[in-house]
Amino acid sequence: MNCIIFSGIITLAFGGLLVPIVGNLFKLSREWILNLFLLVFLIAGGLFLYGFGHGHIIYPNLFTTDTVSLLMTIFVWFTGAVVLITIFNTLKEINNLAEILGVYAISLSGAILTLYANNFVSFLVAMELMTIPSYYLIMARLNTITTEAATKYFFNGALSTGFFLFGILVFYAITGDLQFSAINKAFQAEDSFGILFFVFGFIAILSAIGFKMSFAPYHFYAPDTYTGAPASVAAYLAGITKSAVAIPVIRLFFEALSFQKEDWSILLALLAVVTMTIGNLLALAQQSVARILAYSSIAHAGYILVGFAAAVSGLAITGIVYQAVAYILMKAGAFLMVTLLIYYYGIKTREQLRGFGKINPFMALVFTILLLSLAGVPPTAGFIAKVYLFQAAVDAGMAWLAFIGLLNSAFAVAYYLWIIKEMYLEAPQRLEKPKDTSFLVPTMAIGMLAFLTIVFGIWVTPVVKASLAFTQLFPF
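Residue numbering for the sequence shown follows the numbering used here, starting at 663 and increasing by one per position.
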């Protein structure tokens, strides 16, 4: 792993520990605490940017450095900074705000560390560093709803860790090694009895990842967790953490489990169909905007699975990476916009959005762009991601999977357009004024995420180049 990038991760983690302590010792105001956290984020961001092309490699057996992990680091960091600003603006009335922001910074450092995992142990440790602080974040506002959401997320995390540890145990028993690359080599020399153990290990690891990324049937916790947690925290959980986990999963599946791609590709294709369909159909039945986004996050997990199912195609990794990039921008941005709608206007349902385009045109425009990207409408990053994913499925001889994906995308367009219709084509029930004007700063920050979804819907070169270089690392 690049030592400068690692320094940026350490900066975030130690900043999360030290800023609340300094704030309490010197009785700093909330604004000063935010400024200190922004300084920590700026220093970390500078290290991440400087790490491109500089620094030497450390811990090569635990972490790797490649084009995609470097690129995703910038997206995770930038989106994480926008989430930080929104958390501050919408949770500023709580007493332990400094601790909340500190725990968030520590969790974000785990998300970035996860991007570089190249070993079962480092992958598990990084995920736990990302996940464990999240339980505290979900209960930022302590009440029965957030407690229920945190409890469900805790059991989800416990099940995921349990399955992951069992998978590690199986693979280590066979290979005697914890490197991803050791599995593929060991498989070639195994007899049928050993292959049976590989299957058990594969199913255990797939289940663990399914819990983390909300694949069906492991998705049961997602709707209640994402709607029970503060919406700004849900933006982090649904947007950033899932995209971060997707990158080491690429290494795991395309390097460690590259044998017999045709066999496990069918399983993943069926899982993709079920996940997409369940997510989209249940989203169609919702009235709560946050719950619609929660179920759509399940559907988007299904789209990522299309890329893994099409593993024999050279475009598969490009599709997965582009989906991860688009998803982190549009899903986090959409949940953050819901945060502002709830906090400043008390809007929670589709009906309450009626005429919102007249009440706050700029906020409505930002939300519309993010929803169109989630729907996969050009010229947005969400559209480009689906093009690569479905083309990879066709190239892999799974045209039927691409067709089902297109049908599901059509279902998704319906519920996203319903929200947009309410904002622009319906008369406002009442012309409400926001609680205060502090919504301008977070709205502009979220607007940057919406702007980037358009930028990377037109300018595909950086993500595609990074993905193609990443693809060269794996056997095809």
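Every residue gets a Cβ at the ideal spot worked out from N, C-alpha and C, and that includes glycine.
Model, not experiment: these values are computed from the prediction.
Closest residue to residue i among the options (Cα-Cα distance)
i        : options                                : result
Leu-1036 : Tyr-1007, Leu-991, Thr-1001, Phe-1024  : Leu-991
Gly-772  : Val-968, Phe-1118, Leu-674, Leu-791    : Leu-791
Leu-932  : Phe-915, Leu-967, Lys-847, Gly-677     : Leu-967
Lys-754  : Lys-1127, Gly-863, Ala-802, Ser-784    : Ala-802
Phe-1132 : Thr-748, Gly-981, Gly-713, Phe-828     : Gly-981
Tyr-883  : Gly-941, Gln-841, Leu-914              : Gly-941
Ile-736  : Leu-1130, Val-1125, Phe-1136, Pro-1137 : Val-1125
Phe-817  : Ala-835, Ser-959, Tyr-797              : Tyr-797
Thr-1115 : Val-1039, Ala-906, Ile-909, Phe-873    : Val-1039
Ala-994  : Phe-1029, Asn-1022, Phe-1065, Ile-1021 : Phe-1029
Met-938  : Tyr-965, Ala-848, Thr-823, Ile-1021    : Tyr-965
His-881  : Phe-864, Phe-860, Lys-904, Tyr-898     : Lys-904
Ile-902  : Phe-873, Phe-740, Ile-867, Thr-823     : Phe-740
Gly-1199 : Arg-692, Cys-665, Glu-693, Phe-699     : Residue 1199 lies beyond the range of the chain shown here (663 to 1138); nothing can be said about it.
Ile-667  : Ala-1076, Val-745, Ile-719             : Ile-719
Arg-692  : Thr-727, Ala-779, Pro-722, Ile-749     : Ile-749
Thr-793  : Asn-780, Leu-804, Asn-781, Leu-821     : Leu-821
Pro-885  : Thr-729, Tyr-815, Leu-1068             : Tyr-815
Proximal residues to residue i (C-beta, below 7 Å), its chain only, five neighbours per side dropped
i        : result
Pro-682  : Ala-760, Glu-761, Gly-764
Ala-743  : Phe-703
Ile-671  : Ser-771, Ile-774, Leu-775
Ser-784  : Leu-724, Phe-725
Met-1060 : Ala-931, Ala-971, Ala-972
Spatial distance of residue i from residue j (CA atoms)
i        : j        : result
Leu-1063 : Ala-978  : 13 Å
Pro-1090 : Pro-879  : 39 Å
Thr-813  : Thr-1123 : 42 Å
Leu-930  : Phe-970  : 7 Å
Phe-862  : Asp-839  : 17 Å
Ala-947  : Thr-808  : 23 Å
Pro-1041 : Leu-690  : 45 Å
Ala-918  : Leu-733  : 23 Å
Asn-758  : Gly-1119 : 39 Å
Gly-1044 : Phe-1113 : 13 Å
Ser-1100 : Leu-1002 : 10 Å
Leu-827  : Thr-806  : 31 Å
Thr-673  : Tyr-712  : 14 Å
Lys-1048 : Leu-709  : 32 Å
Ser-927  : Asn-751  : 44 Å
Ala-961  : Val-911  : 18 Å
Phe-864  : Leu-914  : 10 Å
Ser-959  : Phe-1073 : 14 Å
Leu-998  : Ser-876  : 20 Å
Cβ pair residue i, residue j closer than 7 Å
i        : j        : result
Leu-944  : Ala-996  : no
Ala-893  : Ala-952  : yes
Gly-685  : Ile-695  : yes
Ala-900  : Ile-768  : no
Thr-837  : Ile-830  : no
Leu-1111 : Tyr-1078 : no
Glu-810  : Gly-715  : no
Ala-1054 : Ser-975  : yes
Ser-731  : Leu-775  : no
Phe-842  : Ala-870  : no
Tyr-834  : Leu-799  : no
Val-983  : Ser-1129 : yes
Arg-1012 : Ile-1108 : no
Ala-906  : Val-738  : yes
Met-1085 : Leu-1027 : no
Ile-747  : Pro-1137 : no
Val-745  : Tyr-898  : yes
Phe-873  : Val-832  : no
Tyr-721  : Met-663  : yes
For residue i, three-class secondary structure by DSSP
i        : result
Gln-841  : strand
Ser-950  : strand
Ile-756  : coil
Thr-1042 : coil
Ala-779  : strand
Ile-1009 : coil
Asn-697  : helix
Ile-800  : helix
Asn-818  : helix
Asn-686  : helix
Phe-725  : strand
Asn-846  : helix
Asn-664  : strand
Ile-672  : helix
Ile-1082 : helix
Test: residue i CB closer than 7 Å to a CB of chain C
i       : result
Ser-869 : You won't find chain C in this structure, because it holds only one protein chain.
Same chain, Cβ closer than 6 Å to residue i, five either side skipped, listed in chain order
i        : result
Tyr-888  : Ala-896, Ala-900, Ala-956
Lys-1083 : none
Ile-1031 : Ala-1112
Glu-1088 : Arg-1016, Gly-1017
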